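Since the structure comes first, as C-alpha coordinates, the remarks are kept for the end.
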Amino acid sequence: MSSSAFATPIRDGQNLHDLSINSFTGVCQPEELAVFDRNKVELTRLKLLDLDSELQQFKMVNKMRTRPVSEQRIQFENTLQVQLAAQARTAEEKQKELRQELGARLGGEAGLGGREEASSRARSPARVRRKRKFGETKAQYDTTQKKLTDELEVTQRKLRDALRHQDQAQLVQMELLAASIDCEKQKGVTQLAEQHGKAAAFNQRVKMLLSTLNQKDEESQHMCCSKRVHEIELLRNKSADERAVTKMVMREKDETATQLTEQQRLFESLQA
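Each residue of the sequence shown is one higher than the last, beginning at 140 in the numbering used here.
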(Lines of atoms letter the chains of each structure in order from A and count residues from 1; the text may use other names and numbers.)
(Lines give C-alpha, C1' and ligand atoms only; values in the text may rest on other atoms or scores of the structure.)
Protein backbone atom coordinates (compact mmCIF):
# COMPACT_ATOMS: atom_id res chain seq x y z
CA MET A 1 0.00 0.00 0.00
CA SER A 2 1.40 3.41 -1.01
CA SER A 3 1.91 6.35 1.30
CA SER A 4 -0.72 8.40 -0.60
CA ALA A 5 -3.36 5.83 0.32
CA PHE A 6 -2.54 6.40 3.98
CA ALA A 7 -2.39 10.17 3.59
CA THR A 8 -5.99 10.51 2.37
CA PRO A 9 -7.71 9.09 5.50
CA ILE A 10 -5.28 11.02 7.68
CA ARG A 11 -6.19 14.33 5.99
CA ASP A 12 -9.89 13.48 6.20
CA GLY A 13 -9.49 12.62 9.85
CA GLN A 14 -7.71 15.90 10.51
CA ASN A 15 -10.47 17.87 8.75
CA LEU A 16 -13.12 15.97 10.67
CA HIS A 17 -11.27 16.60 13.91
CA ASP A 18 -11.04 20.34 13.11
CA LEU A 19 -14.79 20.49 12.41
CA SER A 20 -15.50 18.72 15.69
CA ILE A 21 -13.31 21.18 17.59
CA ASN A 22 -14.95 24.16 15.86
CA SER A 23 -18.45 22.86 16.68
CA PHE A 24 -17.41 22.27 20.25
CA THR A 25 -15.84 25.70 20.74
CA GLY A 26 -18.90 27.34 19.19
CA VAL A 27 -21.11 26.35 22.16
CA CYS A 28 -18.54 26.91 24.96
CA GLN A 29 -17.94 29.87 27.23
CA PRO A 30 -14.56 31.70 27.25
CA GLU A 31 -13.59 30.14 30.59
CA GLU A 32 -14.33 26.68 29.27
CA LEU A 33 -12.33 27.40 26.13
CA ALA A 34 -9.32 28.45 28.22
CA VAL A 35 -9.47 25.20 30.19
CA PHE A 36 -9.90 23.26 26.95
CA ASP A 37 -6.85 24.96 25.39
CA ARG A 38 -4.68 24.16 28.42
CA ASN A 39 -5.83 20.55 28.39
CA LYS A 40 -5.21 20.36 24.65
CA VAL A 41 -1.60 21.56 25.09
CA GLU A 42 -1.02 19.08 27.91
CA LEU A 43 -2.54 16.27 25.85
CA THR A 44 -0.27 17.13 22.92
CA ARG A 45 2.77 17.00 25.20
CA LEU A 46 1.72 13.62 26.57
CA LYS A 47 1.18 12.31 23.04
CA LEU A 48 4.68 13.38 22.05
CA LEU A 49 6.09 11.60 25.10
CA ASP A 50 4.14 8.47 24.20
CA LEU A 51 5.42 8.59 20.63
CA ASP A 52 9.01 8.93 21.80
CA SER A 53 8.56 6.05 24.25
CA GLU A 54 7.08 3.79 21.58
CA LEU A 55 9.88 4.69 19.16
CA GLN A 56 12.54 3.78 21.72
CA GLN A 57 10.71 0.54 22.53
CA PHE A 58 10.52 -0.39 18.85
CA LYS A 59 14.27 0.26 18.43
CA MET A 60 15.02 -1.88 21.48
CA VAL A 61 12.86 -4.77 20.24
CA ASN A 62 14.46 -4.62 16.79
CA LYS A 63 17.94 -4.65 18.36
CA MET A 64 17.05 -7.60 20.58
CA ARG A 65 15.73 -9.55 17.58
CA THR A 66 18.78 -8.99 15.38
CA ARG A 67 21.44 -9.42 18.09
CA PRO A 68 21.12 -13.26 18.52
CA VAL A 69 21.41 -13.80 14.76
CA SER A 70 24.57 -11.67 14.55
CA GLU A 71 26.11 -13.36 17.59
CA GLN A 72 25.40 -16.84 16.19
CA ARG A 73 26.89 -15.88 12.86
CA ILE A 74 30.07 -14.49 14.46
CA GLN A 75 30.41 -17.57 16.69
CA PHE A 76 29.95 -19.89 13.71
CA GLU A 77 32.51 -17.97 11.64
CA ASN A 78 35.03 -18.08 14.48
CA THR A 79 34.53 -21.85 14.91
CA LEU A 80 35.01 -22.50 11.20
CA GLN A 81 38.07 -20.26 11.10
CA VAL A 82 39.60 -22.23 13.98
CA GLN A 83 38.86 -25.51 12.20
CA LEU A 84 40.36 -24.20 8.96
CA ALA A 85 43.47 -23.01 10.77
CA ALA A 86 43.84 -26.39 12.52
CA GLN A 87 43.51 -28.30 9.25
CA ALA A 88 45.92 -25.93 7.54
CA ARG A 89 48.50 -26.47 10.30
CA THR A 90 48.02 -30.24 10.10
CA ALA A 91 48.47 -30.18 6.33
CA GLU A 92 51.56 -28.01 6.65
CA GLU A 93 53.10 -30.34 9.24
CA LYS A 94 52.41 -33.42 7.10
CA GLN A 95 53.88 -31.71 4.05
CA LYS A 96 56.93 -30.74 6.07
CA GLU A 97 57.41 -34.32 7.27
CA LEU A 98 57.05 -35.66 3.73
CA ARG A 99 59.54 -33.09 2.43
CA GLN A 100 62.03 -34.07 5.12
CA GLU A 101 61.58 -37.78 4.37
CA LEU A 102 61.85 -37.13 0.65
CA GLY A 103 64.92 -34.97 1.18
CA ALA A 104 66.56 -37.66 3.29
CA ARG A 105 65.86 -40.27 0.63
CA LEU A 106 67.10 -37.99 -2.13
CA GLY A 107 70.24 -37.23 -0.12
CA GLY A 108 70.90 -40.91 0.41
CA GLU A 109 70.34 -41.49 -3.25
CA ALA A 110 72.83 -38.73 -4.18
CA GLY A 111 75.46 -40.07 -1.72
CA LEU A 112 75.22 -43.50 -3.17
CA GLY A 113 75.44 -42.21 -6.72
CA GLY A 114 79.24 -42.10 -6.82
CA ARG A 115 79.67 -45.54 -5.36
CA GLU A 116 77.09 -47.04 -7.67
CA GLU A 117 79.04 -45.91 -10.72
CA ALA A 118 81.98 -48.01 -9.56
CA SER A 119 79.93 -50.98 -8.40
CA SER A 120 79.15 -54.01 -10.46
CA ARG A 121 75.95 -54.91 -12.24
CA ALA A 122 75.11 -57.20 -9.32
CA ARG A 123 73.87 -54.16 -7.36
CA SER A 124 71.46 -53.08 -10.09
CA PRO A 125 68.42 -54.80 -8.44
CA ALA A 126 69.03 -52.81 -5.23
CA ARG A 127 69.15 -49.62 -7.27
CA VAL A 128 65.89 -50.51 -8.96
CA ARG A 129 64.29 -51.18 -5.57
CA ARG A 130 65.45 -47.80 -4.27
CA LYS A 131 64.02 -46.04 -7.31
CA ARG A 132 60.76 -47.91 -6.90
CA LYS A 133 60.69 -46.97 -3.20
CA PHE A 134 61.37 -43.36 -4.14
CA GLY A 135 58.49 -43.42 -6.64
CA GLU A 136 56.16 -44.90 -4.03
CA THR A 137 57.17 -42.23 -1.49
CA LYS A 138 56.62 -39.45 -4.02
CA ALA A 139 53.22 -40.88 -4.99
CA GLN A 140 52.27 -41.08 -1.30
CA TYR A 141 53.35 -37.45 -0.86
CA ASP A 142 51.28 -36.35 -3.86
CA THR A 143 48.26 -38.33 -2.63
CA THR A 144 48.49 -36.87 0.86
CA GLN A 145 48.85 -33.34 -0.50
CA LYS A 146 45.84 -33.82 -2.79
CA LYS A 147 43.79 -35.23 0.10
CA LEU A 148 44.61 -32.24 2.32
CA THR A 149 43.80 -29.84 -0.51
CA ASP A 150 40.44 -31.53 -1.08
CA GLU A 151 39.63 -31.41 2.65
CA LEU A 152 40.47 -27.70 2.72
CA GLU A 153 38.19 -27.04 -0.27
CA VAL A 154 35.35 -29.04 1.32
CA THR A 155 35.69 -27.08 4.57
CA GLN A 156 35.68 -23.76 2.71
CA ARG A 157 32.59 -24.84 0.74
CA LYS A 158 30.84 -25.77 4.00
CA LEU A 159 31.73 -22.36 5.39
CA ARG A 160 30.26 -20.59 2.37
CA ASP A 161 27.09 -22.72 2.50
CA ALA A 162 26.65 -22.09 6.23
CA LEU A 163 27.07 -18.33 5.79
CA ARG A 164 24.57 -18.36 2.90
CA HIS A 165 22.00 -20.24 5.01
CA GLN A 166 22.61 -17.82 7.88
CA ASP A 167 21.95 -14.84 5.59
CA GLN A 168 18.79 -16.49 4.24
CA ALA A 169 17.49 -17.13 7.77
CA GLN A 170 18.11 -13.51 8.72
CA LEU A 171 16.37 -12.34 5.53
CA VAL A 172 13.33 -14.51 6.33
CA GLN A 173 13.20 -13.04 9.82
CA MET A 174 13.29 -9.49 8.45
CA GLU A 175 10.52 -10.35 5.94
CA LEU A 176 8.35 -11.69 8.77
CA LEU A 177 8.94 -8.50 10.74
CA ALA A 178 8.01 -6.36 7.72
CA ALA A 179 4.84 -8.42 7.18
CA SER A 180 3.90 -7.93 10.84
CA ILE A 181 4.38 -4.16 10.52
CA ASP A 182 2.24 -4.08 7.35
CA CYS A 183 -0.50 -6.03 9.14
CA GLU A 184 -0.47 -3.55 12.03
CA LYS A 185 -0.67 -0.67 9.54
CA GLN A 186 -3.69 -2.25 7.85
CA LYS A 187 -5.40 -2.72 11.21
CA GLY A 188 -4.68 0.93 12.01
CA VAL A 189 -6.28 2.05 8.73
CA THR A 190 -9.40 -0.04 9.47
CA GLN A 191 -9.70 1.37 12.97
CA LEU A 192 -9.25 4.91 11.68
CA ALA A 193 -12.05 4.39 9.16
CA GLU A 194 -14.34 3.12 11.91
CA GLN A 195 -13.52 6.10 14.12
CA HIS A 196 -14.17 8.47 11.21
CA GLY A 197 -17.63 6.96 10.75
CA LYS A 198 -18.45 7.24 14.45
CA ALA A 199 -17.22 10.83 14.58
CA ALA A 200 -19.32 11.78 11.53
CA ALA A 201 -22.43 10.22 13.08
CA PHE A 202 -21.87 12.06 16.37
CA ASN A 203 -21.30 15.36 14.57
CA GLN A 204 -24.55 14.93 12.65
CA ARG A 205 -26.40 14.16 15.85
CA VAL A 206 -24.91 17.21 17.56
CA LYS A 207 -25.95 19.45 14.66
CA MET A 208 -29.50 18.13 14.81
CA LEU A 209 -29.67 18.69 18.57
CA LEU A 210 -28.30 22.21 18.25
CA SER A 211 -30.86 22.99 15.54
CA THR A 212 -33.64 21.62 17.73
CA LEU A 213 -32.41 23.71 20.67
CA ASN A 214 -32.39 26.86 18.59
CA GLN A 215 -35.91 26.13 17.39
CA LYS A 216 -37.13 25.50 20.92
CA ASP A 217 -35.51 28.71 22.12
CA GLU A 218 -37.32 30.68 19.42
CA GLU A 219 -40.61 29.06 20.35
CA SER A 220 -40.04 29.89 24.00
CA GLN A 221 -39.37 33.55 23.17
CA HIS A 222 -42.61 33.80 21.18
CA MET A 223 -44.61 32.15 23.92
CA CYS A 224 -43.27 34.51 26.58
CA CYS A 225 -45.67 37.14 25.24
CA SER A 226 -48.68 34.86 25.54
CA LYS A 227 -50.62 33.57 28.49
CA ARG A 228 -49.60 29.94 28.07
CA VAL A 229 -47.28 29.84 31.04
CA HIS A 230 -47.74 26.13 31.54
CA GLU A 231 -46.64 25.33 28.00
CA ILE A 232 -43.61 27.61 28.42
CA GLU A 233 -42.55 25.69 31.52
CA LEU A 234 -42.95 22.42 29.69
CA LEU A 235 -40.84 23.69 26.81
CA ARG A 236 -38.18 24.91 29.22
CA ASN A 237 -38.08 21.54 30.91
CA LYS A 238 -37.85 19.83 27.55
CA SER A 239 -35.12 22.23 26.50
CA ALA A 240 -33.21 21.49 29.70
CA ASP A 241 -33.52 17.75 29.05
CA GLU A 242 -32.28 18.15 25.52
CA ARG A 243 -29.40 20.31 26.72
CA ALA A 244 -28.45 17.51 29.10
CA VAL A 245 -28.62 15.09 26.20
CA THR A 246 -26.51 17.49 24.16
CA LYS A 247 -23.86 17.64 26.88
CA MET A 248 -23.83 13.87 27.03
CA VAL A 249 -23.47 13.67 23.26
CA MET A 250 -20.69 16.28 23.34
CA ARG A 251 -18.91 14.24 25.99
CA GLU A 252 -19.25 11.12 23.85
CA LYS A 253 -18.00 13.10 20.86
CA ASP A 254 -14.93 14.23 22.83
CA GLU A 255 -14.22 10.66 23.82
CA THR A 256 -14.54 9.60 20.19
CA ALA A 257 -12.24 12.44 19.11
CA THR A 258 -9.70 11.30 21.73
CA GLN A 259 -9.91 7.73 20.45
CA LEU A 260 -9.51 8.97 16.89
CA THR A 261 -6.41 10.96 17.84
CA GLU A 262 -4.97 7.92 19.63
CA GLN A 263 -5.56 5.74 16.57
CA GLN A 264 -3.84 8.36 14.39
CA ARG A 265 -0.87 8.39 16.77
CA LEU A 266 -0.60 4.60 16.68
CA PHE A 267 -0.90 4.60 12.91
CA GLU A 268 1.82 7.26 12.54
CA SER A 269 4.13 5.35 14.90
CA LEU A 270 3.66 2.18 12.83
CA GLN A 271 4.25 4.09 9.61
CA ALA A 272 7.48 5.69 10.90
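C-beta: ideal position from N, C-alpha, C; glycine also. In this text the structure is predicted, and so the values were computed from the model without any measurement.
Would residue i pass as a contact of residue j if the rule is Cβ separation under 8 Å?
i, j, result
"Ala-230", "Leu-298", "no"
"Lys-355", "Ser-319", "no"
"Lys-392", "Phe-341", "yes"
"Leu-316", "Gln-226", "no"
"Ser-345", "Val-388", "Rather than Ser, the amino acid found at residue 345 in this sequence is Val. Contact flag set, yes."
"Glu-357", "Leu-374", "no"
"Gln-222", "Thr-294", "yes"
"Gln-402", "Gln-330", "yes"
Whole-angstrom Cβ separation of residue i and residue j, contact assumed at under 8 Å?
i, j, result
"Leu-399", "Glu-381", "In fact, because the Cβ distance is near 26 Å, the residues do not count as touching under 8 Å."
"Glu-333", "Leu-409", "Glu-333 to Leu-409, Cβ: 17 Å. No contact."
"Leu-348", "Val-384", "7 Å"
Give a yes or no on whether the minimum CB-CB distance between residue i and chain C is below 8 Å.
i, result
"Lys-233", "In the displayed structure, chain C is absent; only one protein chain is listed."
Given a threshold of 16 other Cβ atoms within 10 Å of its Cβ, counted over all protein chains shown, does residue i qualify as buried or as exposed?
i, result
"Thr-395", "buried"
"Leu-194", "exposed"
"Leu-187", "exposed"
"Leu-182", "exposed"
"Leu-405", "buried"
Sequence ranges, alpha helix (DSSP H) only - wholly within the stretch 294–328, length at least 4:
none
Suppose only complete runs of 3+ residues qualify. What are the beta strand (DSSP E) ranges in the stretch 180–206, listed by chain order?
none
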